[in-house]
Amino acid sequence: MPTVEITVNGRRHVVQCGEGEEQRLRDLAAYVDARVQDLARRHGGLVGDSRLLVLVALLLADELDDAYAALKARERELEALRAELRALRRRLEEAGSGEDAARLAALAGRLEALAARLDAL
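Taking my numbering, the leading residue of the sequence shown gets 406, the next gets one more, and so forth.
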């Protein structure tokens with residue numbers, strides 16, 4: 406198992422990670438260190454290491470919670486689009502042919518493109 410040396414708040418740490426995850430670990434450590442340094446600057450260096458790391462952990466947990474909430478909102482949007490697309494396809498099948506069918510087909514195409522864009526997020 407590879408070991409990686411990282412630095413957080415000026416302190417060196419040697420940690421293990423999975424094969425091929427070394428750079429990812431370095432990137433994550435750099436992100437955590439940047440958050441620690443930012444918080445330390447804002448508090449004028451008056452916060453101890455343990456408290457500083459607890460505060461950063463809480464900030465990161467808050468970011469993660471926001472990201473999960475945003476993901477769930479996108480999933481709900483995507484499901485609503487898929488439901489609308491299914492309804493349009495049913496209407497298209499019922500319409501058969503003609504001008505209404507062409508408009509519904511165009512609308513279904515636009516919804517499919519929108520759903521694909523949301524899937525890519």
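Even glycine gets a Cβ: it sits at the ideal position worked out from N, Cα and C.
Residue i vs residue j beta-carbon contact at 8 Å
i	j	result
Leu512	Leu483	no
Val409	Leu430	yes
Arg403	Ala520	Within the shown structure, residues of the chain are numbered from 406 to 526, placing residue 403 beyond reach of any answer.
Val461	Leu444	yes
Leu516	Leu493	yes
Ala506	Leu497	yes
Gln421	Pro407	yes
Burial state of residue i (16 or more Cβ within 10 Å)
i	result
Val441	buried
Leu465	exposed
Leu457	buried
8 Å contact criterion, which residue i and residue j should meet: CB distance rounded
i	j	result
Val413	Val437	6 Å
Exercise. Where are the alpha helix (DSSP H) runs, 4 residues long or more, that stay fully inside the segment 417-469, in chain order?
Worked result: 427-447
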